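Residue numbers for the sequence shown, in the numbering used here: 4 to 271.
This report refers to the structure that appears directly beneath it.
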Amino acid sequence: MIKTDHLIYEKDGPIATVTLNRPEVRNAISVEMGAALNEATEDFEDDPTLRVLILTGAGDKAFCAGADLKSAIPAVTASASSASSAGPDGPTGADPIKRPFSDTTKPVIAAVNGYAVAGGMEILLGTDIRIAATHASFGLPEPALGLVPFYGSHVRLPQQVSWARAMEILLVGDRISAQEALEIGLINRVVPAADLMSTARAFAERISRNSPLAVRKIKETVRAAYNRPWDEAFAIESRIAAEVLASEDAKEGPRAFAEKRQPVFQGR
4 MIKTDHLIYE KDGPIATVTL NRPEVRNAIS VEMGAALNEA TEDFEDDPTL RVLILTGAGD
64 KAFCAGADLK SAIPAVTASA SSASSAGPDG PTGADPIKRP FSDTTKPVIA AVNGYAVAGG
124 MEILLGTDIR IAATHASFGL PEPALGLVPF YGSHVRLPQQ VSWARAMEIL LVGDRISAQE
184 ALEIGLINRV VPAADLMSTA RAFAERISRN SPLAVRKIKE TVRAAYNRPW DEAFAIESRI
244 AAEVLASEDA KEGPRAFAEK RQPVFQGR
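Here's what the structure looks like:
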C-alpha cells in the first residue's frame, strides 16, 4: 500500500484500488493529489500483475468535488492569464491531448461514494464501469463559477449520453441524482452505500478472471474504432482481433472449456 496525505494506492492480487483521500474537503483535487493519481495510474498500467483498477473516494460524502477552488483553480487561472498560456499546452500546462485515464489500456471501475462534480465527474468520464451509491450525484457546475470544464467533458460526455442530456448537464450546471444518471446511461448500477465496494470488487474479480490480453484488446478496439466510418472501424477491429486470435490465450480458453476446467491465461 502507498499512502500519502491526498491519495491511497493499494494492490490486492490482480486488483488495484485508488482512494482519493481528502475527505475533509470532499476529496477536492489538489496539485499533490493530481500528481499522485498520475503516478498510481502509470504504475497500474505498467504492472503486469494488475488487471483492474477500482477508483473511489474517502468518506461517505463525496467521490470527488473537483479541483480545489482554493489552490488548484487559482493556479490554473493565473497560468491562463499569463503570456505563456498562449502556448500549445493550454491553460493547465498539461499535455493538451491527455485526459484522466486516456492512456490506460486496462479496465477502470469507479465506485462513486458521494457526489462527483466538476473535475470529479470528469475523472469519472475516463472510467469504464461505474457503480454509484444511492446518495451519489453528478454535475458540472463550472459555468456558474465563470469556468468551463477542461478535463475532457466537452468531448467525452456527448459520446457517452445523448447530445441533449449532455448539453443540459454542461450548460445548466445543476446536479443529477444517481437514479437519473443510471437512466441516461452515465453509470451502470445504483446500490446501497453499504454494498458499493463489494459490488465494484465483484465486477473487478469477474473481469480479472478473463484473459488479460483479450480484455485490453477489447478496450483498445472500442477506443480506436469509436466514431470512425464503418470501413475504418471494421478494419481496426479485424486487425486487433487477428492479434488476439493468434495468442496463446486464444488457444488456452477453448482447450480449458473442452477439458471442463478453469483456463490459465498468460496474457500473451
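Just so you know, even glycine gets a beta-carbon here, dropped at the ideal spot from N, CA and C.
In this text the structure is predicted, and so the values were computed from the model without any measurement.
| Item | Value |
| --- | --- |
| Check this for me: beta carbons of Gly117 and Arg29, under 9 Å apart or not? | yes |
| Could you check the C-alpha separation between Ala136 and Leu40 for me, to the nearest Å? | 22 Å |
| Cβ atoms of Leu173 and Leu128: under 9 Å apart, would you say? | no |
| Leaving out five residues on either side along the sequence, give the residues of the same chain with a beta carbon under 6 Å from the beta carbon of Arg133. | Ala113, Ile190, Asn191 |
| Return the residue from the list Ala31, Glu35, Glu48, Val34 that minimises the CA-CA distance to Thr20. | Glu48 |
| Using the DSSP secondary-structure output, state which residues sit across from Gly142 in a beta bridge. | Val120 |
| What residue range is occupied by the uninterrupted beta strand (DSSP E) comprising Thr22? | 18-23 |
| Got a sec? Which residues, its chain only, sit under 8 Å from Glu235 by beta carbon, not counting five neighbours each side? | Ala228 |
| Given Ser165, which residues of its chain have a CB within under 8 Å of its CB, disregarding the five upstream and five downstream residues? | Ile187 |
| Which one of Thr22, Asp46, Val111 has the shortest CA to CA distance from Leu56? | Val111 |
| Does the Cβ-Cβ distance between Thr224 and Ile243 come in under 9 Å? | yes |
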